[in-house]
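Working notes, structure below.
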Amino acid sequence: MTSYATPAPVPAESVINSHLPGASFYDCYSIGASGERRTALEYFLAAIAQTPMWVERFMLLRNKVVRLFGLKDLGGLGEFDTSKPASAYLPGDRVGIFTLISSADNEVLLGDSDKHLDVVLAVFRHPHVTEGVQTISLTTVVHVHNWLGRLYMLPVKPMHKFIAPAVLNRIAAATPTR
24 MTSYATPAPV
34 PAESVINSHL
44 PGASFYDCYS
54 IGASGERRTA
64 LEYFLAAIAQ
74 TPMWVERFML
84 LRNKVVRLFG
94 LKDLGGLGEF
104 DTSKPASAYL
114 PGDRVGIFTL
124 ISSADNEVLL
134 GDSDKHLDVV
144 LAVFRHPHVT
154 EGVQTISLTT
164 VVHVHNWLGR
174 LYMLPVKPMH
184 KFIAPAVLNR
194 IAAATPTR
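Our numbering numbers the first residue of the sequence shown as 24 and each following residue consecutively.
Below, the structure is given as structure tokens:
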């Protein structure tokens, strides 16, 4: 496994597979992380704590534009309480721009719903560690509800090919977030 995020198939064991039927968009990226083994949520928190500045600027622009259409301002991807340990998060809690749906050691599901689309994100920690490298997959699934959702996805879909791997790349070098 590479230390850079690469496109990958959705892990067969991932709960996110139940969200794939009828999806308007989905993608999956994987990366190898060495060092201390963490829970899926800890990997996610470590990644978003180091969100690239250009991603945060893109989110700022996104929020300004969508407010014109009456949609939610989600804030920044890395806007969360870094002092809160992963173990303190419960389903329904906000984690950056997402709401925690479920959390297990090997997989965390996060999401956001709006009148125009639903997004579910899974961070999946593969069960086997090979030569000290833990494989982590990030899968995003989007269900569009209306024309506004389709319009919204026009710029988001191509940008997601850059954003998701850039955030996931932070896992390879991230320090534990507890």
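Idealized CB from N, CA, C, for every residue including glycine.
(message) Buried or exposed for residue 90, going by 16 or more other Cβ atoms inside 10 Å?
(response) Against the sequence shown, residue 90 aligns to sequence position 67. Answer is exposed; the Cβ neighbour count stays below 16.
(request) State buried or exposed for residue 200, treating a residue as buried only when at least 16 other CB atoms are found within 10 Å of its CB. (result) As a first step, residue 200 is located in the sequence shown; it is residue number 177 there, counting from the start. With a pLDDT of only 38 at residue 200, under the threshold of 50, the placement of this residue in the model should not be trusted, and no figure is reported.
(request) Evaluate residue 83 with the Cβ neighbour count: other Cβ atoms within 10 Å of its Cβ, from every protein chain shown; 16 or more gives buried, anything less gives exposed. (result) Within the sequence shown, residue 83 is the residue found at index 60, counting from 1. Under this definition residue 83 is an exposed residue.
(request) Spatial neighbours of residue 180 within its chain, please: CB distance less than 7 Å, with the 5 preceding and 5 following residues excluded, ordered by chain position. (result) What you label residue 180 is simply residue 157 of the sequence shown in a count that begins at 1. 48, listed in sequence order.
(request) Out of 184, 95, 132, state which residue places its alpha-carbon closest to the alpha-carbon of residue 67. (result) Within the sequence shown, the letter at position 44 stands for residue 67. When each option's Cα is compared against that of residue 67, the closest is 132.
(request) Using only alpha-carbon positions, find the residue among 120, 130, 164 that is nearest to residue 149. (result) Here residue 149 corresponds to residue number 126 of the sequence shown, with the count starting at 1. Closest option to residue 149, Cα to Cα, is 130.
(request) In the DSSP assignment, find the unbroken beta strand (DSSP E) run with residue 54 in it and report its ends. (result) Locating residue 54 in the sequence shown gives position 31, where the first residue counts as 1. Where residue 54 is concerned, the enclosing beta strand (DSSP E) stretches over 48-57.
(request) List the endpoints of the continuous beta strand (DSSP E) containing residue 132. (result) Sequence index remark: in the sequence shown, residue 132 carries index 109 (1-based). Here the beta strand (DSSP E) through residue 132 covers 130-136.
(message) Please state whether the Cβ-Cβ distance between residue 146 and residue 63 is less than 7 Å.
(response) By 1-based counting over the sequence shown, the position of residue 146 is 123. By 1-based counting over the sequence shown, the position of residue 63 is 40. A contact, by the Cβ cut-off of 7 Å.
(request) Would you give the residue range spanned by the beta strand (DSSP E) that residue 161 belongs to? (result) Position 138 of the sequence shown, counting from 1, holds the residue named residue 161. Counting along the chain, the beta strand (DSSP E) containing residue 161 begins and ends at 156-167.
(request) Taking the CB atoms as reference points, tell me whether residue 39 and residue 195 lie closer together than 7 Å. (result) In the sequence shown, counting from the first residue as 1, residue 39 sits at position 16. In the sequence shown, counting from the first residue as 1, residue 195 sits at position 172. Not in contact: residue 39 and residue 195 (Cβ atoms no closer than 7 Å).
(request) Indicate the three-state DSSP secondary structure (helix, strand or coil) for residue 139 in the structure shown. (result) Here residue 139 refers to the residue found at position 116 when the sequence shown is read from its first residue. Coil, per DSSP.
(request) Rank 169, 128, 192 by C-alpha distance to the C-alpha of residue 136 and give the top, closest one. (result) In the sequence shown, counting from the first residue as 1, residue 136 sits at position 113. Taking only the C-alpha atoms, the option nearest residue 136 is 169.
(request) Whole angstroms is fine: what's the gap from residue 24's alpha carbon to residue 157's? (result) Taking the sequence shown and counting its residues from 1, the one referred to as residue 24 is at position 1. Taking the sequence shown and counting its residues from 1, the one referred to as residue 157 is at position 134. Here the model assigns residue 24 a pLDDT of 43, short of 50, so the residue's position is not dependable and the matter cannot be decided.
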